[in-house]
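Student: If you read the protein sequences in the order shown, they are chains A and B. In this text, residue positions in the first sequence follow the numbering used here: the first is -4, and each later residue adds one. In this text, residue positions in the second sequence follow the numbering used here: the first is -8, and each later residue adds one. C-beta: ideal position from N, C-alpha, C; glycine also. On a predicted model such as this, the values are computed, not experimentally measured, just so you know.
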Amino acid sequence: MDFHQLSLPGIGTKYELETDEKDIISVVYMENGNVQIYTRSRAGDDYCSAELNAMEARRLGNVLTGAIIEAEQEGVEISFSALCDLRISVHTYIIRKNLSGKSIGEMNIRSRTGATVIAVSRGGKNTVNPRPSYVFEAGDTVVVIGEADQIKLFEKEILG
Amino acid sequence: MQGIALALTAGFVVAYLARTWRFPAIPFYIIIGIVLGATGLNVIHESETAAYLGHIGLLFLLFTMGLHLRPHDVLARRRSFVRAGSVDFGVNFAIGLIAAFLLGLPLFEAVVIAAAFYISSSAMALSSLIENRKLGFPESETVVWMMVFEDIVLVLFIVLLAATQESPLSIIIMTIQFVAASFLLVYFLKDPLRRLLSRDDEVPLLFVVAAVILAAYLSNLAGVPDSLTVIALGSAFSMVSHEAPAAIARPFREVFMVLFFVFFGVSVQFTGALSPLLLLGLGVLAISSKLFSGIIIGRLSHRSTLSGVEIWSDTAARGEFSIALAALYGSVMVSSTVAALVVITGVVGGFTGMYSPRIRSFLKKGKGTLQRTKHSTPAIQFKKP
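#1: Is the Cβ of T8/A closer than 8 Å to any Cβ of chain B?
#2: Helix, strand or coil: which one does DSSP assign to I350/B?
#3: Does the distance from the C-beta atom of E301/B to that of F140/B stay below 8 Å?
#4: Would G96/A be called buried (16 or more neighbouring beta carbons within 10 Å of its own) or exposed?
#5: Report, in whole angstroms, the separation of the C-beta atoms of S313/B and A264/B, which I expect to be a contact under 8 Å.
#6: With 8 Å set as the bound, which would you pick, yes or no: does the beta-carbon of Q0/A sit closer than that to a beta-carbon of chain B?
#7: Are A167/A and K92/A closer than 8 Å when you measure CB to CB?
#8: With a threshold of 8 Å between beta carbons, is V23/A in contact with chain B?
#9: So does the segment 56 to 65 of chain B actually touch the segment 267 to 279 of chain B, counting three or more Cβ pairs closer than 8 Å?
#10: Whose CA, out of A331/B, G285/B, L250/B, lies closest to the CA of I47/B?
#11: If you drop the 5 nearest sequence neighbours on each side, which residues of the same chain put their C-beta closer than 7 Å to that of V325/B?
#12: Show which residues of chain A have a CB atom less than 8 Å away from the CB atom of A237/B.
#13: Let's see if you can read the secondary structure: which residues bound the alpha helix (DSSP H) around M115/B?
#14: Within the 8 Å Cβ cut-off, does Q145/A reach chain B?
#15: Sorted by chain position, which residues of the same chain lie with C-beta nearer than 6 Å to I286/B's C-beta, five sequence neighbours on each side aside?
#16: Could you work out which residues of chain B lie near R35/A, taking near to mean beta carbons separated by less than 7 Å?
#17: Taking the beta carbon of D142/B as the centre, do at least 16 other beta carbons fall within 10 Å, making it buried, or is it exposed?
#18: I'd like to know if G5/A contacts chain B, where contact means its C-beta is closer than 8 Å to some C-beta of that chain.
#19: At a CB distance below 7 Å, what residues from the segment 239 to 259 of chain B approach chain A? Give them in sequence order.
#20: Would M345/B count as contacting chain A if we go by Cβ distances under 8 Å?
#21: CA-CA distance, E67/A and V85/A?
#22: Would you kindly report the start and end of the unbroken beta strand (DSSP E) that includes S116/A?
#23: Residues bridged to H86/A by DSSP?
#24: Do you know whose CA, among R70/B, L120/B, S71/B, lies nearest P15/B's CA?
#25: Under 9 Å between beta-carbons, which chain B residues line up against S44/A? List them in chain order, please.
#26: Residues in its own chain within less than 7 Å of V177/B by CB, not counting five upstream and five downstream?
#27: For chain A, check one thing: does any of its Cβ atoms lie closer than 8 Å to the Cβ of I21/B?
#28: Leaving out five residues on either side along the sequence, give the residues of the same chain with a beta carbon under 6 Å from the beta carbon of S304/B.
#29: Kindly indicate which three-state DSSP category K356/B falls into: helix, strand or coil?
#30: Which residues does DSSP list as the beta-bridge partners of R49/A?
#31: State the DSSP-derived secondary structure class of E11/A, mapped to helix, strand or coil.
#32: Got a sec? Which residues, its chain only, sit under 6 Å from D217/B by beta carbon, not counting five neighbours each side?
#33: Between H46/B and chain A, is the shortest Cβ-Cβ distance under 8 Å, so that the two count as touching?
#34: Going along the chain, which residues of its own chain have a beta-carbon closer than 6 Å to the beta-carbon of I64/A, five neighbours each way excluded?
#35: Going along chain A in order, which residues have a C-beta closer than 7 Å to the C-beta of M115/B?
#36: Taking the alpha-carbon positions, what's the V253/B to L175/B distance?
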């Protein structure tokens, strides 16, 4: 693996990486905060390119570093390699009519499943760490955190 | 006010269309100036205010350019970019100078034309590399550093052209004093400056703008070209922080440079100018000479003619610096010639920048068929006996 950095005055900084497979990947950090990525396979001399904004670049970076191992439709599993491979799943769900009017405490979510509701989004307003007395409405988006098994149990027991 | 309002409105429309359809805006700012100015519809007139605002734009452009001339980076790269830069300068300045002499221009005007003929548009080259997604190509690095080399040559030109006036020696000495003073000031005040520039209130904004205008004012007092002092100031600032001053200079540069370009177009007079055919010829020559120098650089730095074509495609356009030279030092005739040069090379350069991958693959295919015919010749010879 050969990695080097080039300064491009007026544009930004370019990092060029030649992989063991002899493919070339260039990442250009531009002064406007965007990032352009170029890849060239060893087979051809045509480049493929993509431009990412700062947020997209961060997300791609997360995927590449392996911080996100499993990206389901609305959930992610985070692993902390420093903590004995601790893995935590975070999942979002939309509350349907059957749970409307019930509170978190009333349903005993934590003791029945082990999972915790850490945030609720309602009409563009977010409530982080809702109290047990928090009453759901249909259409709320909830963020649930726990181990993969606890999340499964939450889907079965609570959402039904 | 009418002229400035019209110029800015038209500039906005051009910028919007240029971004949407991906063509370079600079030549069209000038065309707008020519169309709306005395030569055309006569609705925009030259005014002192517009000239002043345009000059502010130019100062901030040169200040930003100075910010990219980071002494450490430039010194570290010395060898690799001097070669490409020297070829670029040698070929294009010489061809420009010969052309200017053939047109019968006196020495001073000929040098201004040759310099304008030589210097590519950094703005168009860099935006071509970014917009047309060419930063992956190794040639992009050569192009970017060629622009840095051109910036340094531009500094030398400003000194040279200023020194032809009354007392050359005193101007050169004053200039050196100014440059040294700004570098020393920034060097010894590094830490307080860094703290000042990293604040997020209005203080750094006022500081940078005041520093640029003050530097220009002081150099005018001393009779030193202000264009040079703001470049030196930018280069000195780059030792402390590059992003913060660049972000502050940007709005001034973007807005007032549009006025500078449009009013440059307004000032262009075609009475007493070269014939349209000669202007067109000069434009074609300017594009060809960059192709010639590009191919030499491509062969020297990348061992490939196609690389040279790529380098040419991004650097064929002349723009802001050519116009700045004409506006600062040019006569009526030089202005109209440079205006035509920028319009022709800018429009063509916009296309070559966008279509260079196609041009390259077209040339490659052509080369391929050539090689095939070469290989087939022995087969025919075998049949002969």
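Tutor: Quick answer:
#1: Counted from its first residue, the first sequence places residue 8/A at position 13. No, no contact with chain B.
#2: Indexing the second sequence from 1 puts residue 350/B at position 359. Correct three-state label for I350/B: helix.
#3: Along the second sequence, read from residue 1 onward, the residue named residue 301/B stands at position 310. Along the second sequence, read from residue 1 onward, the residue named residue 140/B stands at position 149. The answer is no: Cβ separation not under 8 Å.
#4: Residue mapping note: residue 96/A aligns to position 101 of the first sequence, counting from 1. Exposed.
#5: What you label residue 313/B is simply residue 322 of the second sequence in a count that begins at 1. What you label residue 264/B is simply residue 273 of the second sequence in a count that begins at 1. Not a contact, Cβ separation roughly 16 Å.
#6: If you number the first sequence from 1, residue 0/A lands on position 5. Chain B contact via Cβ: absent.
#7: With chain A represented from -4 up to 155, any question about residue 167/A goes unanswered, as that position is not in the structure.
#8: Residue 23/A sits at position 28 when you count from the first residue of the first sequence. It does; some Cβ of chain B falls within 8 Å.
#9: Short answer: they don't touch.
#10: Along the second sequence, one-based indexing puts residue 47/B at 56. Residue L250/B is the option with its Cα nearest to I47/B.
#11: Within the second sequence, numbered from 1, the residue matching residue 325/B stands at position 334. Here the set comprises E100, V103, I104, A317.
#12: In the second sequence, residue 237/B corresponds to position 246, counting from 1. Chain order gives the chain A residues near A237/B as E26, where near means a beta carbon separation below 8 Å.
#13: Start at 1 with the first residue of the second sequence, and residue 115/B comes out as number 124. From DSSP, the alpha helix (DSSP H) with M115/B extends over 113 to 122.
#14: Start at 1 with the first residue of the first sequence, and residue 145/A comes out as number 150. No, because no Cβ of chain B sits closer than 8 Å to the Cβ of Q145/A.
#15: In the second sequence, the residue the question calls residue 286/B occupies position 295. So the qualifying residues of the chain are T296, G299.
#16: By one-based count along the first sequence, residue 35/A stands at place 40. Those are G127, listed as they occur along chain B.
#17: Taking the first residue of the second sequence as position 1, residue 142/B is located at position 151. D142/B comes out buried.
#18: One-based indexing of the first sequence puts residue 5/A at position 10. Answer yes: the Cβ-Cβ gap between G5/A and chain B drops below 8 Å somewhere.
#19: none
#20: As a working mapping, residue 345/B is identified with position 354 in the second sequence. Output row for M345/B: interface = no.
#21: Start at 1 with the first residue of the first sequence, and residue 67/A comes out as number 72. Start at 1 with the first residue of the first sequence, and residue 85/A comes out as number 90. Here E67/A scores only 43 on pLDDT, less than 50, and its place in the model should not be relied on; the value that follows carries that caveat. Roughly 10 Å between the two C-alpha positions.
#22: As a working note, residue 116/A is residue 121 in the first sequence. 111 to 117 is the span of the beta strand (DSSP E), which, as asked, contains S116/A.
#23: Along the first sequence, read from residue 1 onward, the residue named residue 86/A stands at position 91. According to DSSP, H86/A bridges with G70/A, V139/A.
#24: Along the second sequence, read from residue 1 onward, the residue named residue 15/B stands at position 24. When only C-alpha atoms are compared, the closest one is L120/B.
#25: Taking the first residue of the first sequence as position 1, residue 44/A is located at position 49. Neighbours of S44/A on chain B, chain order: R124, K125, L126, G127.
#26: Numbered from 1 along the second sequence, position 186 holds the residue referred to as residue 177/B. For V177/B, same chain residues with a beta-carbon under 7 Å away, outside a window of 5 residues either side, are L184, A227, F228, M230, V231 in chain order.
#27: As a working mapping, residue 21/B is identified with position 30 in the second sequence. No - not a single Cβ of chain A is within 8 Å of the one on I21/B.
#28: The residue labelled residue 304/B in the question sits at position 313 within the second sequence. T343, G344, S347, listed in sequence order.
#29: Here residue 356/B refers to the residue found at position 365 when the second sequence is read from its first residue. Of the three classes helix, strand and coil, the one that applies to K356/B here is helix, per DSSP.
#30: Here the question's residue 49/A lines up with position 54 in the first sequence. In the sequence as displayed, the identity of residue 49/A is Ala instead of Arg. A49/A pairs with nothing; no bridge assigned.
#31: For the purposes of this step, residue 11/A is taken as the residue at position 16 of the first sequence. E11/A: strand per DSSP, three-state reduction.
#32: As a working note, residue 217/B is residue 226 in the second sequence. Once the five neighbours on either side are set aside, the close Cβ partners of D217/B are A207, S210, N211.
#33: In the second sequence, the residue the question calls residue 46/B occupies position 55. Output row for H46/B: interface = no.
#34: As a position in the first sequence, residue 64/A is number 69, starting the count at 1. Because I64/A sits at a pLDDT of 47, beneath the cut-off of 50, its placement in the model cannot be relied upon, and the point is left open.
#35: Along the second sequence, read from residue 1 onward, the residue named residue 115/B stands at position 124. Ordered by position in chain A, no residue passes the 7 Å Cβ test against M115/B, which lies about 12 Å from the chain.
#36: Along the second sequence, read from residue 1 onward, the residue named residue 253/B stands at position 262. Along the second sequence, read from residue 1 onward, the residue named residue 175/B stands at position 184. When rounded, the distance between both Cα atoms is 37 Å.
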